[in-house]
Amino acid sequence: MQYRFDVQGMTCGHCERAVRQALVQVDPNAQVQIDRAQGRVDVTSDAPQDTLARAIAEEGYQVAAAA
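full-length UniProt numbering numbers the first residue of the sequence shown as 1 and each following residue consecutively.
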């Protein structure tokens, strides 16, 4: 499944790595694309959307599924 999340609070490369790592911990096969400037994270994963969103939020970022 493909998911798009709006993520607030990513300000640097460290933030991107933290989000990517959190998602890959949930699904090691996840494909993650991050656009920090747009605050967007695109994920291709078999994990449920709410599980992925929770992983991002647990890193300290505000996250919402994009419409």
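Every residue, glycine too, gets a C-beta built ideally from N, C-alpha and C.
Predicted, not measured: the structure shown is a model, and the values here were computed from it.
Check: Span separating the alpha-carbon of Ala37 from that of Val26; Outcome: 24 Å
Check: Residue interval of the alpha helix (DSSP H) (run including Asp46); Outcome: Unbroken run through Asp46: none, as it is neither H nor E.
Check: Entirely enclosed beta strand (DSSP E) segments - the UniProt domain "HMA" (1 to 64), minimum 3 residues; Outcome: 2 to 8, 31 to 35, 40 to 44
Check: Proximity of Ala64 and Ala55 at Cβ, strictly below 9 Å; Outcome: no
Check: Integer-rounded CB distance, given that Met1 should sit under 8 Å from Gly45; Outcome: Strictly speaking, residue 45 in this sequence is Ser, with Gly absent from that position. That belief holds up - the Cβ atoms of Ser45 and Met1 are roughly 7 Å apart, short of 8 Å.
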